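Novice:
2 protein chains.
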Amino acid sequence: HISPQENYFSRETLDRLSGKRTDEAWLEAKQRKPDTVYLMFSNLSPMVSTPQEDNSLCRFTYETVKDLLQKPATVLIFLGGIQETPAWFAFSTDEDAAELLKLCTERNCSFPKMPNRDLLKLNEEEAGIVAQARSVLAWHSRYSFCPTCGTSTKPEEGGHKRICLNSECRSLKGVHNTCYPRVDPVVIMLVIHPDGNQCLLGRKKIFPARMFSCLAGFVEPGETFEDAVRREVEEESGVQVGPVQYISCQPWPMPSNLMIGCFAVAISTDIRVDENEIEEARWFTRQQVIDSLFREASPAFIAPPRQTIAHQLIRHWIGMNANL
Amino acid sequence: HISPQENYFSRETLDRLSGKRTDEAWLEAKQRKPDTVYLMFSNLSPMVSTPQEDNSLCRFTYETVKDLLQKPATVLIFLGGIQETPAWFAFSTDEDAAELLKLCTERNCSFPKMPNRDLLKLNEEEAGIVAQARSVLAWHSRYSFCPTCGTSTKPEEGGHKRICLNSECRSLKGVHNTCYPRVDPVVIMLVIHPDGNQCLLGRKKIFPARMFSCLAGFVEPGETFEDAVRREVEEESGVQVGPVQYISCQPWPMPSNLMIGCFAVAISTDIRVDENEIEEARWFTRQQVIDSLFREASPAFIAPPRQTIAHQLIRHWIGMNANL
Ligand SMILES: Nc1ncnc2c1ncn2[C@@H]1O[C@H](COP(=O)(O)O)[C@@H](O)[C@H]1O
Ligand SMILES: Nc1ncnc2c1ncn2[C@@H]1O[C@H](COP(=O)(O)O)[C@@H](O)[C@H]1O
Ligand SMILES: [Mg+2]
Ligand SMILES: [Mg+2]
Ligand SMILES: [Mg+2]
Ligand SMILES: [Mg+2]
Ligand SMILES: [Mg+2]
Ligand SMILES: [Mg+2]
Ligand SMILES: [Zn+2]
Ligand SMILES: [Zn+2]
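Residue numbers (our numbering), protein chains in the order written: chain Z, 1 to 324; chain V, 1 to 324.
(1) Relative to the C-alpha of E235 of chain V, which residue among V:V244, V:I267 and V:R272 is closest?
(2) Taking 7 Å as the cut-off, decide whether the C-beta atoms of V186 of chain Z and V233 of chain Z are in contact.
(3) Does the contact criterion of 3 or more C-beta pairs under 8 Å hold for the segment 94-101 of chain V versus the segment 22-37 of chain V?
(4) Among residues of its own chain, excluding the 5 on either side of A73 of chain Z, which ones have a beta-carbon nearer than 7 Å to its beta-carbon?
(5) Please work out which residues of its chain come closer than 7 Å, Cβ to Cβ, to D51 of chain Z, disregarding the five sequence neighbours upstream and downstream, and give them in chain order.
(6) Can you list, in chain order, the residues of its chain with a C-beta nearer than 8 Å to that of F60 of chain Z? Leave out the 5 residues immediately preceding and following it.
(7) If we call anything under 7 Å between Cβ atoms a contact, is S135 of chain V one with P221 of chain Z?
(8) Starting from the Cα of N166 of chain Z, find the closest Cα among Z:T151, Z:K71 and Z:Y180 and give me that residue.
(9) Distance, Cα to Cα, V175 of chain V vs D227 of chain Z?
(10) Is the beta carbon of L313 of chain V closer than 7 Å to that of A303 of chain V?
(11) How long is the line joining the alpha carbons of W317 of chain Z and Y180 of chain Z, rounded to whole angstroms?
(12) Check each candidate in V:D195, V:C58, V:Q250 and V:K205 and name the one with the smallest Cα separation from H311 of chain V.
(13) Among the residues of its own chain, which have a CB less than 7 Å from the CB of Q307 of chain V, if the five just before and after it don't count?
(14) Taking its Cβ as the centre, do 16 or more other Cβ atoms sit within 10 Å of G319 of chain V, making it buried, or is it exposed?
(15) Use the C-beta contact count for T153 of chain V: other C-beta atoms within 10 angstroms, 16 or more gives buried, fewer gives exposed.
(16) So the candidates are Z:T64, Z:A90 and Z:L79; which of them puts its Cα closest to the Cα of L386 of chain Z?
(17) Which one of V:M47, V:R231, V:E296 and V:R142 has the shortest CA to CA distance from S110 of chain V?
(18) One question on the structure: do A326 of chain V and L44 of chain V come within less than 7 Å of each other, judged by their Cβ atoms?
(19) Between A328 of chain Z and the rest of its own chain, which residues show a CB-CB distance below 6 Å, the 5 nearest in sequence each way excluded?
(20) Strictly by DSSP, which residues pair up with G319 of chain Z?
(21) Quick one: what does DSSP say Q31 of chain Z is sitting in, helix, strand or coil?
(22) If the cut-off is 7 Å on Cβ atoms, which residues from the segment 67-94 of chain V count as contacting chain Z, listed in chain order?
(23) Hey, is Q132 of chain V's beta-carbon within less than 7 Å of any beta-carbon in chain Z?
(24) Quick one: grab the DSSP three-state call for Q271 of chain Z.
(25) So, helix, strand or coil for T178 of chain Z, using DSSP?
(26) Around ligand 4, which residues pass a check of Cβ closer than 6 Å to any of its heavy atoms?
(27) Quick one: residues in its chain with C-beta nearer than 6 Å to the C-beta of P147 of chain V, no 5 flanking neighbours on either side, listed in chain order?
(28) Would you call the CB atoms of F225 of chain Z and I278 of chain Z closer than 7 Å?
(29) For the candidate residues V:R11, V:D54, V:C199 and V:L215, whose alpha-carbon lies nearest to that of R117 of chain V?
(30) Give a single yes or no on whether Q146 of chain Z has its beta carbon closer than 6 Å to a heavy atom of ligand 10.
(31) Of the residues that make up the segment 250-264 of chain Z, which ones have a beta carbon closer than 9 Å to any beta carbon in chain V?
(32) Sort out for me which residues DSSP pairs L39 of chain V with in a bridge.
(33) Counting only the same chain and skipping the five closest in sequence on each side, list residues whose C-beta sits under 7 Å from that of N323 of chain Z.
(34) Please return the same chain residues whose Cβ sits closer than 8 Å to the Cβ of P34 of chain Z, not counting the five positions on each side in sequence.
(35) Give me the Cα-Cα distance between R286 of chain V and E275 of chain V, rounded to the nearest whole angstrom.
(36) Just how far apart, CA to CA, sit L17 of chain Z and L201 of chain V?
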């Protein structure tokens, strides 16, 4: 149920209404409305209910959470809304998880322990909302001191800004990125063999057995996506890349990456793996990839789950020249 | 002299040799080599010599700068090299600028005061090198304290990492983005009228008189480029956008943005400007844009300089359906 152009974590259900972030009176009034929706995070995991295999977000009302919102360790962020329909907020709390779970009337609630796995069980709408909420809450949790002067900072603008409490601080003069949430661009690429019928996949030591996926790496300062693709592929596999084509991108809230999905055409084929990062890299044929995606018996490798942009890039590639 | 696919600040002349960043012995040996090139920054501006209109980077040897490198406020970063040819480093110092200028034997040297203007006068190779150097040095200048605990941090890995000096800090357990340079993705888009023959340009109050350029805005956490384009255009101009197409990107080291250039097809035409950010936004016809780019007498507006991706997007658009 993912459309070809849409990646998991990327659906925008809410209007962010960013113009309202500076309107404290509006935000305060919205906070108290009975139809306002609150999502609760503990340790950067949202409380979910798991009646079946899937997870769904537990939604709280102002009445239920208002005491928690008063606690000094709570961070509240405004997520948005849809015109006049309910506003959505998320908050993180460090209160005891067992006590928090008692606040919920839904069945089988929990704070999932493995975000990389458990956040992939939400539906598309909720995944999109969690992408924003978890990234911004993770930023609050890691950036509560001013990197410019070391003083504490405090949230502002509905949780989309933090300002330094040291009135002499440079970060208060003009606009500084230190005050805004961080988004880390990462290139992730399917490297295509010069013969057009094989692709390069690699595995990290931490991957499940036999799983191979696309190579990926952080974009560095002063670098384009295209050059980052060429550099990371060369570093990790020794393969040289020529043309690079952007396909689609995916927010990945672990904690706040933006995965930039590309096809990369190789101009060399010898593999020399960087063993610090990659355990093995291999060229797979189109047929091996098809067998793996469509779960033939004993495929040559196991593909990453459909919720990853790596999976979508691989699927897009096999659809490109084959008669499927 | 910019190829259609290449934006200013994006040429990669040096191999970053990122595998060498952790090799302290290699880095130290390279630092002392007589052919190693040092670039000197003061207040985030490189020393340049301006014999004519253009600027060129002043290059220093180890002998000339070794005393400066010992000063506690100096930050040194390794930029890369080309196989066995000279290694390149950049450093920032807060010593007196007049004294620093005396170290140089070239003519008409200075530390330009307006990076937004003066850094656009370098040649393509040097602009690409400055894009990396200035972004990373700006990060050191703004991020010298640990955002997680407020303690001081110190540079590592050839200046591509900072680690917290508090041995109990969470940022030392596992991998944390707080330790790595920040890159801020920004979408910048040419919005095309539903009729295909007009485009939307806006002006900020700080622009030179009559200049109009593409709309732009920071990508937020949990958002794709395409959704960021739609949100920012709606926020700044009230125009609704449908399809979005990525064209190319450009590092913009003021201090460390990555401009993601797109075409965006409008599905509405009424303009309602956000006056906090934009002074005016207008639809311009293709002919008005052509007149402006090719400097006809009294064009309807003045386009941004060729070194900006905005200029390149506009130029790309007029080349698309017109007989030029
Ligand atoms: N923003 C960042 N966040 C996390 N790790 C980073 C970041 N930038 C660079 N790194 C380093 O990049 C490594 C992962 O390599 P790669 O994803 O291939 O670039 C991490 O283990 C870090 O050492
Ligand atoms: N990373 C960032 N760096 C600087 N300003 C930011 C950042 N993120 C959000 N902003 C805010 O975005 C405004 C510029 O608006 P826009 O470029 O349209 O998103 C700035 O004045 C800041 O208030
Ligand atoms: Mg990698
Ligand atoms: Mg890598
Ligand atoms: Mg990397
Ligand atoms: Mg803007
Ligand atoms: Mg804006
Ligand atoms: Mg914005
Ligand atoms: Zn500060
Ligand atoms: Zn710390």
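We put the CB at the ideal spot given by N, CA and C, even for glycine. Just so you know, these numbers come straight off a predicted model, no measurement behind them.
Specialist: By the coordinates alone:
(1) V:R272
(2) no
(3) no
(4) T93 and D94
(5) Per the sequence presented here, residue 51 of chain Z reads as Pro, with Asp not at that position. If we look at P51 of chain Z and ignore the five residues flanking it on each side, its Cβ neighbours are R107 and N108.
(6) V37, Y38, L39, M40, L103 and C104
(7) yes
(8) Z:T151
(9) 24 Å
(10) no
(11) 36 Å
(12) V:Q250
(13) Y8 and L120
(14) exposed
(15) buried
(16) With chain Z running from 1 to 324 in the structure shown, residue 386 of chain Z is simply not present.
(17) V:M47
(18) Residue 326 of chain V is absent from the structure shown; chain V starts at 1 and stops at 324.
(19) Nothing can be reported for residue 328 of chain Z: it is not among the residues displayed for chain Z, which extend from 1 to 324.
(20) None, per the DSSP bridge assignment.
(21) helix
(22) none
(23) yes
(24) In the sequence as displayed, the identity of residue 271 of chain Z is Ile instead of Gln. Coil at I271 of chain Z, not helix or strand.
(25) helix
(26) Z:G217, Z:E232, Z:E235, Z:E236 and Z:E277
(27) T178
(28) no
(29) V:D54
(30) For the sequence presented, residue 146 of chain Z should be read as Cys rather than Gln. Every heavy atom of ligand 10 is 6 Å or more from the Cβ of C146 of chain Z, so no.
(31) Q250, P251, P253, P255, S256, N257, L258 and I260
(32) V:A90
(33) A caution first: N323 of chain Z carries a pLDDT of 43, below 50, which makes its placement in the model too unreliable to give a value.
(34) T61, Y62 and E63
(35) 26 Å
(36) 23 Å
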